[in-house]
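Written out as structure tokens, the structure is:
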């Protein structure tokens with residue numbers, strides 16, 4: 001049995017998002033396996049970013065349940081009990097209902113971090129400062145809500161030292177240690193993409209959501225990104241959910257691919273299986289030849305007949 | 309005044325042609341504006357009064373200025389040459405009209421400045437271009453210590469130089485007045501400069517602080533030192549009250565609501581007469597004491613206690629040190645907070661609010677703390693204002709005050725502490741210094757009052773700033789933490805917030 005079914009970190013059930021009369025995502029189900037890289041793909045306007053924004057709390061879904069089991073699988077009974085209780089997370093901080101939580105709470109408490117399609121670094125702050133801001137909540141606690149920080153107690157100094165050490169480790173991993181004191185806005189595009197991922201990782205997440213991390217990267221940078229994503233999965237044990245158009249990156253790194261088209265899921269499975277799925281070929285990769293269109297349509301009709 | 313011989317001819321020629329053209333344009337423009345003036349004569353008829361000399365003066369002045377600008381290309385040499393030329397002309401006029409000896413002396417000083425400007429220009433122009441981002445040696449610390457010592461010695465130097473009567477104006481109008489605005493600027497800098505929330509109603513917190521002290525001291529007889537923290541707390545409370553409704557607003561909308569808040573506070577103070585005594589204000593607020601010792605001529609007064617001769621300047625000097633300490637406290641707290649998570653979150657909020665939320669920063673708390681802390685320092689300043697004036701009325705808290713404080717923050721460079729201080733000195737000190745420029749009456753006639761041109765000069769200064777330094781005096785941002793090298797971030801990288 002696949003990992004994403006046997007031990008899901010995140011389970012999305014019946015997610016529907018309407019903007020006025022427009023239904024961007026309808027009745028969407030998916031799960032993200034613990035310790036896996038899951039890719040969410042689909043043509044432009046398919047609703048991928050909408051799903052992302054629902055998971056990370058930037059949109060409140062119209063309907064649906066997004067359950068994050070942070071420290072290991074939970075039983076369906078526990079989940080239903082939490083759903084009925086009206087609470088946002090259980091007392092032991094293991095299970096979170098993301099659709100009920102605010103965006104910053106999802107990052108701070110459920111530990112889901114994200115990046116953006118258009119890079120959103122703090123351009124006027126240095127590279128190091130960007131990574132320190134990402135550790136805001138830990139440092140805020142260490143500074144005793146600023147009080148100990150004002151007094152500059154040794155406890156706060158230690159915490160700040162640890163935060164810097166963590167930032168330095170990440171800068172070394174993404175090869176930006178030499179640029180630590182430069183403004184983030186002065187970095188080249190590819191470096192900014194990597195820095196944004198490192199910044200999200202400094203939040204100390206269990207799930208890292210990346211919105212088109214390979215957009216605008218050259219082949220060499222794409223290869224570096226693939227390496228980085230693998231190392232995040234294998235060395236840090238962080239599950240990754242990514243939206244990506246670059247198929248070579250998707251096929252190389254993903255353990256699990258979900259395909260979305262017109263707000264509906266059309267395929268879900270291992271990369272190989274998805275790649276050969278005719279519905280995906282028709283919808284995502286597009287068909288330009290007349291004969292291929294007919295072939296694809298008949299194939300889809302046949303498949304639709306088979307699976308109700 | 310001839311150009312040095314070694315200067316290549318084309319430069320002189322170009323400059324002459326350029327200056328001649330500028331002179332012609334000036335003549336064309338001044339002809340309808342300056343050369344004739346219509347006046348009513350005794351019979352109530354319009355007569356045309358020729359004023360060719362004025363027109364001629366304008367043409368000559370523009371010609372000379374343009375010629376100088378053409379010949380001298382480095383701005384530092386220009387900064388020397390143009391005042392030099394002005395001083396020389398003034399000296400010449402003085403020599404001809406009033407006092408030949410002094411006039412000739414002044415003219416010589418002006419000519420000497422001009423004479424220095426030309427070789428300076430030649431040297432600077434051939435100097436190698438400055439490295440764009442040099443790793444400046446740590447002169448900042450030395451500068452700050454020097455500045456602090458000067459600030460602490462200022463009243464005593466003034467006292468020794470001008471005596472108790474003469475120095476009062478300088479310590480009070482310049483020292484205390486400027487420092488109040490420095491403190492207000494630093495307080496608002498937290499909200500506008502660091503957190504990027506455009507607040508047009510900051511004066512409301514100044515008013516809350518002032519009325520807190522006024523009412524608490526007159527009603528309950530509380531001393532200034534108890535009222536000061538209470539005033540800060542009350543202002544911070546009102547900062548949070550303002551903060552809640554505007555949490556979701558940005559930019560123009562935020563500016564409008566904060567502006568309305570400032571007006572609401574003022575109008576409530578005017579109309580709720582039972583509480584605040586309306587337009588009449590609150591008078592006879594207890595004056596400041598030296599930690600309980602009053603500044604009076606009595607036997608238990610400050611002067612007797614310390615064996616000094618009584619003069620009212622003692623109180624003014626104490627007020628000066630009080631506001632200096634309050635302003636320095638504001639600065640120290642702000643500088644410290646910038647290096648703490650909360651300060652970094654403010655700056656991150658200014659840079660990108662969405663990104664902040666994605667990193668788990670609670671933007672509601674972050675905004676509210678910025679409003680509350682900014683308001684608290686405004687409240688401290690307000691309490692100080694009340695104890696200094698020993699009278700408060702709603703008149704002191706009009707919108708123009710908010711606009712002045714905001715102008716100080718924007719002119720100084722948003723987020724820069726030293727920039728805000730410099731801007732406060734320029735704006736408030738500039739207003740005061742205009743009252744002192746009596747010598748201008750010799751040029752423009754007895755009826756000329758430079759203080760009346762205050763708004764015109766500020767308007768011009770704002771326009772010039774927008775062209776020359778749109779990001780304020782100090783636009784670069786010092787990083788709050790660094791690994792190896794502390795390099796300031798160029799102003800063009802730093803975002804100004806969404807409002």
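Protein chains in written order, with the numbering used here: chain A, 1 to 308; chain E, 309 to 807. The beta carbon of each residue, even a glycine, is placed where N, CA and C say it ideally should be. Computed from a predicted structure; not experimentally measured.
- Per DSSP, the unbroken beta strand (DSSP E) holding residue 8 of chain A starts and ends at 8-19.
- If you draw a straight line from the Cα of residue 417 of chain E to the Cα of residue 512 of chain E, it is about 49 Å long.
- Contact annotation: residue 253 of chain A and residue 267 of chain A have beta-carbon atoms that are not nearer than 7 Å.
- Residue 209 of chain A sits buried, since 16 or more C-beta atoms from the chains shown fall within 10 Å of its C-beta.
- For residue 662 of chain E, the neighbours in chain A by C-beta distance under 8 Å run, in chain order, 58, 116 and 120.
- When secondary structure is reduced to three states using DSSP, residue 641 of chain E falls in the helix class.
- Straight through space, the alpha carbons of residue 300 of chain A and residue 259 of chain A are spaced by roughly 15 Å.
- Nothing from the region 32-51 of chain A brings a Cβ to less than 7 Å from some Cβ of chain E.
- Around the beta-carbon of residue 478 of chain E, 16 or more other beta-carbon atoms lie within 10 Å, marking it buried.
- Only 648, 649, 650, 652, 653, 655, 656, 659 and 660 from the region 648-661 of chain E bring a Cβ to less than 7 Å from some Cβ of chain A.
- Residue 391 of chain E sits in a helix when the DSSP states are folded into three classes.
- If you keep only unbroken alpha helix (DSSP H) runs of at least 4 residues inside the region 117-194 of chain A, you get 127-133, 136-142, 147-151 and 154-173.
- Relative to residue 514 of chain E, the option among E/460, E/673, E/580 and E/704 whose CA is nearest is E/704.
- Residues of the region 708-732 of chain E with a C-beta atom less than 8 Å from some C-beta of chain A do not occur.
- The Cβ atoms of residue 95 of chain A and residue 69 of chain A lie closer than 7 Å to each other.
- Rounded to the nearest whole angstrom, the C-alpha separation of residue 583 of chain E and residue 491 of chain E is 28 Å.
- Shortest Cα-Cα distance from residue 719 of chain E to any of E/493, E/742 and E/431 involves E/493.
- DSSP places residue 269 of chain A in the uninterrupted beta strand (DSSP E) bounded by 264-269.
- Spatial neighbours of residue 675 of chain E in its own chain (CB-CB distance under 8 Å, excluding positions within 5 residues in sequence) are listed in chain order as 503, 505, 551, 555 and 657.
- Within the model, the alpha-carbon separation for residue 485 of chain E versus residue 736 of chain E is close to 7 Å.
- Below 8 Å, enough C-beta pairs join the region 417-428 of chain E and the region 391-399 of chain E to call them touching: three or more.
- Rounded to whole angstroms, the gap between the alpha carbons of residue 139 of chain A and residue 101 of chain A is 22 Å.
- Shortest Cα-Cα distance from residue 738 of chain E to any of E/481, E/381 and E/597 involves E/481.
- Per the coordinates, the alpha-carbon of residue 671 of chain E lies some 53 Å from the alpha-carbon of residue 756 of chain E.
- One thing to note: residue 127 of chain A has its Cβ within 7 Å of the Cβ of residue 184 of chain A.
- Residue 174 of chain A places its beta carbon 7 Å or farther from that of residue 212 of chain A.
- Buried is the label assigned to residue 784 of chain E, since at least 16 other Cβ atoms lie within 10 Å of its Cβ.
- Going by beta carbons, residue 488 of chain E and residue 689 of chain E fall inside the 7 Å limit.
- Taking the Cβ atoms as the reference, residue 663 of chain E lies roughly 7 Å from residue 122 of chain A, within the contact range of under 8 Å.
- Residue contact with chain A for residue 670 of chain E: present (Cβ-Cβ distance below 7 Å to some residue of chain A).
- Residue-level contact check: residue 137 of chain A touches chain E, since one or more beta carbons of chain E fall below 7 Å from its beta carbon.
- For residue 41 of chain A, the uninterrupted beta strand (DSSP E) run begins and ends at 37-41, by DSSP.
- Beta-bridge partners of residue 344 of chain E (DSSP): E/358.
- Partner residues in the beta bridge of residue 261 of chain A, as assigned by DSSP, are A/264.
- Secondary structure in the region 594-623 of chain E: no beta strand (DSSP E) run of 3 residues or longer lies completely within the stretch.
- Annotation: residue 89 of chain A is outside any alpha helix (DSSP H) and is labelled neither H nor E by DSSP.
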